[in-house]
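> Residue numbers (this note's numbering), protein chains in the order written: chain A, 1 to 307; chain B, 1001 to 1307; chain C, 2001 to 2236; chain D, 3001 to 3236.
Virtual Cβ for every residue (Gly too), placed ideally from N, Cα, C.
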Amino acid sequence: MFEDVKYQIRNVEGVSEAAAMTFQTIQIPTSLKQERVTAVGYEIGKIGKPQNIISGRELAREHYEIVVDTKLGFKLDDKIPLGRNIYTVVGITKGAVSSSGEALVYISLKDAQQLQFLASNDTIRSDRARGIKDTTSTIVNTIVAKVSSGYSPKDIAENIKKWKHKSAYTNEKQVEILTKNVIEKSSKQIGLFTIILIIVSSVIISLIIYTMTIGKIKEIAILKLIGMPNIEIVKMIVQQSLVLGFLAFVAGNIFANAIKSKFPKNVQLLPEDSVGLFFVVVLVSVIGSLFGIYKALKANPAQAIGE
Amino acid sequence: MFEDVKYQIRNVEGVSEAAAMTFQTIQIPTSLKQERVTAVGYEIGKIGKPQNIISGRELAREHYEIVVDTKLGFKLDDKIPLGRNIYTVVGITKGAVSSSGEALVYISLKDAQQLQFLASNDTIRSDRARGIKDTTSTIVNTIVAKVSSGYSPKDIAENIKKWKHKSAYTNEKQVEILTKNVIEKSSKQIGLFTIILIIVSSVIISLIIYTMTIGKIKEIAILKLIGMPNIEIVKMIVQQSLVLGFLAFVAGNIFANAIKSKFPKNVQLLPEDSVGLFFVVVLVSVIGSLFGIYKALKANPAQAIGE
Amino acid sequence: MSSLAIKVENLKKEYITKDSTLQVIKGIDFELEKGEIAMLLGPSGSGKTTLLLMLGCILEPTSGRITLDDEIVYEDRWILKDTRKLRREKLGFIFQAHNLIPFLNVQDNVTLLPQLNGIAEVEYKKKAKEILTYLGIEDKTNYMIGSLSGGQSQRVAIARSLANDPRIILADEPTAALDKERAISVMELLRKLAKEQEVAMIVVTHDDRLLPYFDSVLKIDDGYLTKTKASETKLH
Amino acid sequence: MSSLAIKVENLKKEYITKDSTLQVIKGIDFELEKGEIAMLLGPSGSGKTTLLLMLGCILEPTSGRITLDDEIVYEDRWILKDTRKLRREKLGFIFQAHNLIPFLNVQDNVTLLPQLNGIAEVEYKKKAKEILTYLGIEDKTNYMIGSLSGGQSQRVAIARSLANDPRIILADEPTAALDKERAISVMELLRKLAKEQEVAMIVVTHDDRLLPYFDSVLKIDDGYLTKTKASETKLH
Ligand SMILES: Nc1ncnc2c1ncn2[C@@H]1O[C@H](COP(=O)(O)OP(=O)(O)OP(=O)(O)O)[C@@H](O)[C@H]1O
Ligand SMILES: Nc1ncnc2c1ncn2[C@@H]1O[C@H](COP(=O)(O)OP(=O)(O)OP(=O)(O)O)[C@@H](O)[C@H]1O
Ligand SMILES: [Mg+2]
Ligand SMILES: [Mg+2]
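1. Is the Cβ-Cβ distance between D/L3068 and D/I3006 less than 8 angstroms?
2. So which residues on chain D does A/K224 lean against when the C-beta distance must stay under 9 angstroms?
3. Between the beta-carbon of B/I1028 and the beta-carbon of B/L1082, is there less than 8 angstroms?
4. In chain C, which residues lie with their C-beta within 7 angstroms of the C-beta of D/P3043?
5. So, helix, strand or coil for C/R2160, using DSSP?
6. Taking D/I3028 and D/L3210 to be in contact with their CB atoms under 8 angstroms, please state how far apart those CB atoms are, rounded to whole angstroms.
7. Opposite A/E35 in the DSSP bridges: which residues?
8. Rounding to the nearest angstrom, what Cα-Cα distance links A/G218 and B/F1278 in this structure?
9. Should C/E2188 be flagged as near chain D, meaning a C-beta pair shorter than 8 angstroms?
10. Determine, for C/A2171, whether the minimum Cβ-Cβ distance to residues of chain D falls below 8 angstroms.
11. Between the region 3184-3197 of chain D and the region 3152-3165 of chain D, do at least 3 Cβ pairs fall closer than 8 angstroms?
12. Quick one: complete alpha helix (DSSP H) runs, 4+ long, within the region 2034-2071 of chain C?
13. Report buried or exposed for C/S2002, applying the criterion of at least 16 other Cβ atoms within 10 angstroms of its Cβ.
14. Taking its Cβ as the centre, do 16 or more other Cβ atoms sit within 10 Å of B/L1247, making it buried, or is it exposed?
15. For C/S2149 and chain D, any beta-carbon pair shorter than 8 angstroms?
16. Below 8 angstroms on the Cβ atoms is my guess for D/G3035 versus D/E3198; work out the distance and round it to an integer in Å.
17. For a contact meaning CB atoms closer than 7 angstroms, what does A/E35 contact in chain D?
18. Please report how far the alpha carbon of D/I3220 lies from the alpha carbon of C/I2016, in whole angstroms.
19. Quick check: what's the CA-CA separation for C/K2127 versus C/T2141?
20. For C/P2212, count the other beta carbons within 10 Å of its own beta carbon; 16 or more makes it buried, fewer makes it exposed. Which is it?
21. Return the chain-ordered list of same chain residues with a C-beta closer than 7 angstroms to the C-beta of D/Q3107, the five sequence neighbours on each side being excluded.
22. With a threshold of 16 other CB atoms inside 10 Å of the CB of D/N3109, please say whether the residue is buried or exposed.
23. In the structure shown, what three-state DSSP assignment does B/A1096 receive?
24. Do we get a CB-CB distance below 8 angstroms when we pair A/L104 with the residues of chain B?
25. Whole angstroms are fine: how far does the CA of B/M1021 sit from the CA of B/V1005?
26. Could you tell me the boundaries of the alpha helix (DSSP H) in which D/A3128 lies?
27. For the beta strand (DSSP E) containing C/D2172, list its first residue and its last residue.
28. What do you get for D/N3099, buried or exposed, if any count of 16 or more other CB atoms within 10 angstroms of its CB means buried?
29. Over what stretch of residues does the alpha helix (DSSP H) that includes D/S3185 continue unbroken?
30. Would the C-beta of C/Q2096 count as close to ligand 1, meaning under 7 angstroms from any of its heavy atoms?
31. Is it the case that the CB of D/S3046 approaches a heavy atom of ligand 1 more closely than 7 angstroms?
32. Taking the alpha-carbon positions, what's the B/Y1169 to A/P50 distance?
33. Would you call B/V1140 buried or exposed, if buried means 16 or more other Cβ atoms sit within 10 Å of its Cβ?
34. Could you work out which residues of chain E lie near D/T3049, taking near to mean beta carbons separated by less than 8 angstroms?
35. Are the C-beta of A/G227 and some C-beta of chain D separated by less than 8 angstroms?
36. Whole angstroms are fine: how far does the CA of B/I1053 sit from the CA of B/Y1064?
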C-alpha cells in the first residue's frame, strides 16, 4: 500500500513530520447545479489544513465533516451528500481555489480515500459500462513532509530521492508542485492559448497600425518632403500604437472583469496578471508598429509631388 | 464485475452477439521515443478486430500478440515490451488512428485488462506517490453488441437503456461514440480553438481588406466621381477578398500538410476538412470585405476633388 | 426636346461649419445651349468649383433647381435617383486635381468609362489613340500615371473626360499646368468638339488670353452670377 | 562665403523604365545668386519639376554636382548626409499639388516647420498671421484644409513655404490656380522677400505676364538649359 511510503519518509533523517494528502476532482451539488471542485484530503492535525477560514473551524472529526470555500455558497451546518454519506459544513474558507480555478473543499484523508474507492468501484464502473470516459475523478496522492529545524530541506529532498527513487520537493516548492501538477495539462493548454492569442493580437495591432500608416502615407511623404526627421515620424507612429494598445488593455481588463463571473470555472485574475499583461501590451504595441514604421521610412518624399 | 453487463446484454432480445472492448491510452517504446497510442483490447473472434491490415494477420492467441499501425514504424515480428511482458507484432494496419490522432494498437482483451491492472497498481502508484497525476492511462471500457437481422438496432438500444439503466448505441453510432468519447474533451477544446481561430482570421482578413480599401479610398472616390456604379466597386472589393482568401487557403493547406508529420500527435487531414475549410474561407472572405465595402460606399466623390 | 443643355434656377449653396455658415452661392440663374462653350470666371474662393460640383451632381445644393439635358436632376432635393449613371453617360469632368487612377496606365485611365458603358474595344481604343495623339501624349500611352509630368497628366485627364462622348463637360482650370501653346491647342480641341458634337461646356480659367475660344462668359462674384457674350466682354 | 545660393554643374538625369531610358536632363550648368529670383520656363514634360526635385534633394540625379548655400550636396552621389535637415532649415517648397496635411488646420500647416525648428510660439504665430493676412486668407486660419478652395490652399502652401525663413525657395507654378491680381500680388511678395532677405528663388510658371517680377529666366528645352536676364528676354 502506497501510504507506506509516508512512514518510510518519516524515517529519513531530519524529517520531523510526514503526512499523506490526496487531491481529487469531484462534483458537489450546490443549490444550482453539480459544481466541479477539488477535494483535498488531509490527515487531521497534520500538515495541509485549510488556510483562511473565515467562519467555522477546520476539521476535527475523522468523518463526514467538510470545509468548503465561500464561493460555493454553502452556510455552516449545511448538509452535502458526497458518495454514500452526508457531510456537514464545519468551516468556510475564502479564496481557496486551485490554480485551475476550481474551488477547494477539505475533507479528512480517510473520507477522501473512501470517496476515491467509491468512485473507482461505483461511479466509474457504471460510467465505463456506458462507454463514457471517467472524467469526474482525477486523483493526486502525495506525501508532504515537514523538516526539523537545523536540516536543509534541499539535502533531505536529495536524500529521499536517491534513497527511495521518489522525487521529493522542498517545503517551498511543495504547494506550488501540488497545485501545478493538478493543472499541468490544462496550464500547458492555457500557455499555448496565451501564446497564440498574443501572436494574434500582435498581428491585429500590426495590421491596424499598418492600416493607419498606409492611410497616412501621403501625409508622411509630405512631412518628409518639408524636412521632418525620421525620428519624429517614428515617434508619432509608436505613440499611436501605444495609445491603441493602452486603450485595448483598459478595455480588455474591464471586459475580463465583467465576464469572469460568467465563466464555467472560477478564474482568478491576479493584479500581477494585469501588470504582466500591461508589459505584453506595450511590447506587442511596439512590435506591432514596426511594420508601419518600415512602410513610413520607405515612403518616398517624391510621392508627395506626383498625382 | 463489470463484464457481467456483457452477458446481460447478450440476453436482450435481438442481440446476437455482445463483446467487451477496452480502450486505453498507453505509451509504447518506438525506436525513437515513448509514443502515446490508444490500445484497443478486444475479444478475439468477436466484434472489434483491426481493419485494414496491410501485412501479417489479426490476433490469434490470447496473449502477447499485438497489431500495430504502420505509422509507428514497427515491422512484423518486432518485440515490444508492454507492462511486464514482451509482445510480438503479428499484424500491421494502415490509417488506424483515433480521432484524437493517436495511432491504434490492438491487443487481446485479456492482455488489455492485465495492462490496466498493472497500470493502476504499479505505474500509477509510484507516480501518485511522487505527486504526479497519472496521465498515461485513460481507460474506456465498453460493450459492443451485434444485432440479429430482423431486429431494429434502435429498438434494442432503447430496450437496453430502459432495462439496464445503461446507454446503448446503435451499430452505426457505435464507432463514432467510442472514439468520440475518448476525445470528447479535447474535441471541445479543438472546437473552441477552431471558433476562436475562425473569428481571428475573419478579423485579420477584414483588417487587410479594410487596409486595402482605405489605401485606395481616393481612387474609389474618383471612380464614383466619373460614374462607376456601386455594384462594380463592391465586386472589385469582394473579388480582392476572395483572391486573398483563396491564396490563404492554398498556403494554409500546403503549410498544414508540410508540418503535419512534425506534430506530436498524428493529425488526420481529411479531404472533407479541406472542402469545409474552403467554404469557411469563402464565407470569411465575404464577411471580411463587408467593412471595406461599407467604407467604400461611404466614400464621397467630392473627396476626389479636394486636396 | 429643347436646345438647352443646362438650366439653373435660383440655385443656392451654403457651407455649414461648426462655428459659421458660409453663403457661397446666393441665388443664381443661367442657361447654356447645346454646343455652347462658356468661360467661368471669378476670384479665388468665389464658388466656381462649388458650382461645377453641384452641376455634376457631386455636391448637394441648398436649394434651387438644376435641369440637365431636359431632365430635372435637382429641385430642392435630388430628383434624379441614379446620378452616377448620368455622370457615367453624359458628363465629362476635368478637375484642378486631375484625379487619375495611379495604378492604371494612361490608356486604361482613358478607356475606363467607355468600357463600363459597353462600347466595343476596337472602337474605344481607336478613339483613345486619336485623342491622345491630338494632345501630344500618344508616346505615353502605356506609362503609369506616376511617371507623367504635371502637364502630361492634365492632358490625360482631358482625354479621359472626352472618351465617353459626354453631352456636358465641366472643366476646372484644365489648362493651368500647360504652357500657352498647349493651352490654346486644348481650347481649340474643346471648341471643335463643342461645335461638331453639340457638347455644352463650362470651363473655369484664369487665363484671359483664352477668351476668344469661348461663346459666353459666366462671371461669379459675391454669390451672384452674370452671363455675357464673350465677344462683348472686356476683362479688366 | 560666396554670394552664390545655387550652383549646378553638368547635372544629368535619366529615368529608367522597364522598356526604355528617358534622358530628361542632358547636362546643365547654371548659378543663382542670393536674392536672385528666376523664372523657370519650358514645355510640358521638359524636366522642370525634375530639376526642382533634384535641387530640393528629393530626387537623386544621375550625375553632376549641386552646391547649395556654399555646401556641396551632390557630386555623383549624395555628399550631404542629412538632406532632410537642409530642407527643414533652408528650403521652401511650393509644388503643383500643394501637399498640405489635411488633418491639420491652416495655421498648423503653416507653423509645422518653425515649430520643428524650435522657434518660439509667439514668434511663429505672429509671422504666420502676417503672411496669411498678406495672402488674404487670414479669415481661414482655423479652417481645415478640405474646406478651402483651390486658390486658397495654394496660398496656404505659399505661406507654409515662407514660414521657416528659407534661404532658397523652389516653386512649381505657385500661381496656377490664382486669378491675375492674386498671382501678381503673390509675385510681389516673393520678390520683396527675395530682395529684403536675400532669398534665392526658382519659380516655374507658364504665365509670361509675370516676367517683370523676375531677375532672370532659365529656359529648359530638350534637356539643356539657357539662362538669360529677364529684362533682355522676349518670350515668344
Ligand atoms: N518617375 C518617372 N519615371 C519615368 N519617367 C518620368 C518620371 N517622372 C517624370 N518622368 C518623365 O520625365 C519627363 C519630365 O517630367 P517633369 O515632370 O520634370 O516635366 P515638367 O517639365 O515638370 O512638365 P510639366 O510642365 O508638364 O509639369 C516627362 O516626360 C515625364 O514623363
Ligand atoms: N467643404 C467646405 N466646407 C466649408 N467651406 C467650404 C467647403 N468647400 C469650400 N468652402 C468654401 O467655399 C468657398 C468657395 O470655394 P470654391 O472651391 O467653390 O472656390 P473657387 O471659386 O473654386 O476658388 P478657387 O479659384 O480658389 O479654386 C471658399 O471660401 C471655401 O473656403
Ligand atoms: Mg476652385
Ligand atoms: Mg511639372
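On the basis of the supplied data:
1. yes
2. I3058, R3084, R3087
3. yes
4. D2179
5. helix
6. Incorrect: roughly 23 angstroms between the Cβ atoms, too far for contact.
7. A/I28
8. Per the sequence presented here, residue 218 of chain A reads as Lys, with Gly not at that position. Cα to Cα, A/K218 sits roughly 37 angstroms from B/F1278.
9. no
10. no
11. yes
12. 2048-2055
13. exposed
14. exposed
15. yes
16. 4 angstroms
17. Under the 7 angstroms cutoff, chain D gives no residues; its nearest Cβ is about 55 angstroms from A/E35.
18. 46 angstroms
19. 13 angstroms
20. exposed
21. A3128, T3141, N3142
22. buried
23. coil
24. no
25. Low confidence applies here, because B/V1005 scores a pLDDT of 47, under 50, leaving its location unreliable; read the following figure in that light. Going from the Cα of B/V1005 to the Cα of B/M1021 covers about 12 angstroms.
26. 3121-3134
27. 2168-2172
28. buried
29. 3180-3197
30. no
31. yes
32. Bear in mind that a pLDDT of 44 at B/Y1169, under 50, signals an unreliable position, so the model cannot answer this.
33. Confidence in B/V1140 is poor, its pLDDT being 45 and thus under 50, which makes the residue's placement too unreliable to answer from.
34. The structure shown contains no chain E; its protein chains are A, B, C and D.
35. yes
36. 18 angstroms
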